[in-house]
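Here the structure is laid out as structure tokens; the discussion comes afterwards.
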Amino acid sequence: MRSRWPQASRFFSSVLPLRSSQSLVATLINGVIAAVSGMFLSRFLSTVAQILIVRRLGPALFGEYAALMVSLSLFTSLLGLGLDTWLLQEGGRDSENVSQPMIQVLVLKAIAAAVLFSGVVALWSSRSLEGAEFLQGLRSANGLALVIGATGTIFESFAQTGYSALRVRRRNTLVAVFQTINPLLLVVVLLVLSRASISVLLLMSMQATFSLMMAVVVLTRIWRQRRRGIERPRLTLWPAIRQGWLFVVSEGLSNIYTQSGLAILGASAGTLVLGLFNPALNLIRLSFLVPNLMFSVGLPLIMSPTVEAAEYRRVTRLMLFGSIAYGLAAIVAIWLFGRLLIVTFYGADYAASLPYVRMMSLLPVLKACNFVWVAILLSNLRQRLRVIVQGSVVLVCLFVGWMIIPAYGAQGAAWLYIGIEALLFVLYGSAAYFTARQRL
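Sequential numbering of the sequence shown, starting at 477, is according to the working numbering.
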């Protein structure tokens, strides 16, 4: 495939219509600003909606709702692992024909959803002594709410695929607008129904309906913008499976080395220590959102076969310098406002998590740079090399984790997470450096 890349570049350079005079650097900056603005507005509206939900449901019903959301989060994590990242790469190579890989991803996600649903039904069936008991449980309020919630997460995942396709077409402002509609609708409906009683089932139904609406709106818009008579997407899954399986493996390996520290800490030190360390790690991971958005905006830009070498260097250097600046600013913010953030988000009982937050304050800059290294690897079709690096890190992570965490507890877990990102920084950075030199 790599040998055909120069031929593809020459082909697309000759047949694709010229972009606007706006440089890729300006497109990257505008796209990141729009994406970050949309993310913050969406999260603000989601926070308001969560507050309204807590107040409307009360402790007992909110406990049921929270338990369902935890179950759905696991369902979401298993749906379409890594395929949206593959769409960013594959669509970036031919942004005018992005509906082709988008349809492939949607079909694969639908297949994965069907398999997951079958697994849930089989699990419920195994726990039921009789078929009638199972059907009765399925018809119960919580069982039906879980099914409706799972359906909503499927449509939300479809919408995320549509957002990736829009990012490929450099419509980041439109993505930001779309991402705020869902939580905004939820807030508006909750305010309108402020005097009516709300059940968990009704709440799940509203959220699923909004997710369905957004998936239809986003995917329909992309489909209508296709080049009629030229762009004819075909339902061919084998190319997506053949090229996308490495992205699924990559996502799985990432989940292993990001969750293994917590698993080892919980098994060796107990739930109390884990309960103090996990909020600190979650706060640090919030700082990864902005670099992730930069990656999602920048990857399709540098994937374009029409991008010149000089423009490629400018964009990747801007991404790197921006990541370093953001990471350093995050470090300063963690040391100055870490306690305030911990107490505000989690309460005064979690003030003891502050030392772990400060211990891991180097993670934002390492993670931000790692997103840039991965973007360089993917833009040169080196996903296989990325998976090799991740597999090596998983082996080191599991070995070192069982050595230091049982001995040092939460401090050992903090060191482990710093070591993981530092090792990825070195390995990804070395691979990206030599890959970029070969290209340029």
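The C-beta atom is built at its ideal place from N, Cα and C for all residues, glycine as well.
Residue 759 to residue 738, Cα distance in whole Å?
-> 14 angstroms
In whole angstroms, what separates the C-alpha of residue 951 from that of residue 812?
-> What the structure shows of the chain is the stretch from 477 to 916, and residue 951 is not part of that stretch, so it cannot be assessed.
Can you check whether the CB of residue 893 is closer than 8 angstroms to the CB of residue 757?
-> yes
Backbone secondary structure at residue 557 - three-state DSSP | coil
Residue 775 vs residue 564 beta-carbon contact at 8 angstroms = yes
List the endpoints of the continuous alpha helix (DSSP H) containing residue 574.
-> That residue, residue 574, is in no alpha helix (DSSP H); it is neither H nor E in DSSP.
If you draw a straight line from the C-alpha of residue 696 to the C-alpha of residue 866, how long is it?
-> 36 angstroms
Take the Cβ of residue 668 as the centre, count every other Cβ of all protein chains shown within 10 Å, and call the residue buried at 16 or more, exposed below.
-> exposed
Compare the Cα-Cα distances from residue 851 to each of 771, 822, 582 and 913 and report the closest residue.
-> 771
For residue 755, which option in 815, 532, 585 and 633 has the closest C-alpha, if you only look at C-alpha atoms?
-> 815
From the DSSP output, in three-state form, read off residue 523 for me.
-> helix
Exposed or buried, residue 562, counting other C-beta atoms within 10 Å across all chains shown (16 or more means buried)?
-> buried
Bounding residues of the alpha helix (DSSP H) (the contiguous stretch that carries residue 781) = Residue 781 -> no alpha helix (DSSP H), and no H or E assigned at all.
Tell whether a beta-carbon distance below 8 angstroms holds between residue 886 and residue 741.
-> yes
Rounded separation between residue 842 and residue 689 - CA only = 38 angstroms
Is the number of C-beta pairs between the region 508 to 523 and the region 642 to 660 that are closer than 8 angstroms three or more?
-> yes
Rounded C-alpha distance that separates residue 869 from residue 891 | 14 angstroms
Is residue 656 buried or exposed, if buried means 16 or more other CB atoms sit within 10 Å of its CB?
-> buried
Starting from the C-beta of residue 723, find all residues in its chain whose C-beta is less than 6 angstroms away, skip the five residues before and the five after it, and write them out in chain order.
-> 558, 561 and 562
Under a three-way DSSP split, which group does residue 701 fall into?
-> coil
Can you round the beta-carbon distance between residue 766 and residue 648 to whole angstroms, since I take them to be within the 8 angstroms contact cut?
-> Their Cβ separation, rounded to whole angstroms, is 14 angstroms, which puts residue 766 and residue 648 out of contact at 8 angstroms.
Measure the C-alpha to C-alpha separation of residue 871 and residue 592 and round it to an integer number of angstroms.
-> 28 angstroms
Below 8 angstroms between beta carbons: does that hold for residue 714 and residue 575?
-> no
Are the CB atoms of residue 533 and residue 674 nearer to each other than 8 angstroms?
-> yes
Within the same chain, show all residues whose beta-carbon is closer than 6 angstroms to that of residue 908, passing over the 5 residues directly before and after it, in chain order.
-> 849, 852 and 853
Report the three-state DSSP secondary structure of residue 587 (helix, strand or coil).
-> helix
Thinking C-beta only, is residue 676 closer than 8 angstroms to residue 884?
-> no
Decide if residue 747 is buried, meaning its Cβ has at least 16 other Cβ atoms within 10 Å, or exposed.
-> exposed
So, are the CB atoms of residue 447 and residue 629 less than 8 angstroms apart?
-> Residue 447 lies beyond the stretch modelled for the chain, which goes from 477 to 916, so this question has no answer here.
In three-state DSSP terms, what is residue 674?
-> coil
Give the single residue among 856, 819, 810 and 584 whose Cα lies nearest to the Cα of residue 913.
-> 856
Where residue 794 and residue 803 are concerned, what is the direct C-alpha to C-alpha distance, given to the nearest angstrom?
-> 14 angstroms
For residue 856, which of helix, strand or coil comes out of DSSP?
-> coil
Can you give the Cα-Cα distance for residue 632 and residue 734, rounded to whole angstroms?
-> 24 angstroms
Sorted by chain position, which residues of the same chain lie with C-beta nearer than 6 angstroms to residue 835's C-beta, five sequence neighbours on each side aside?
-> 890
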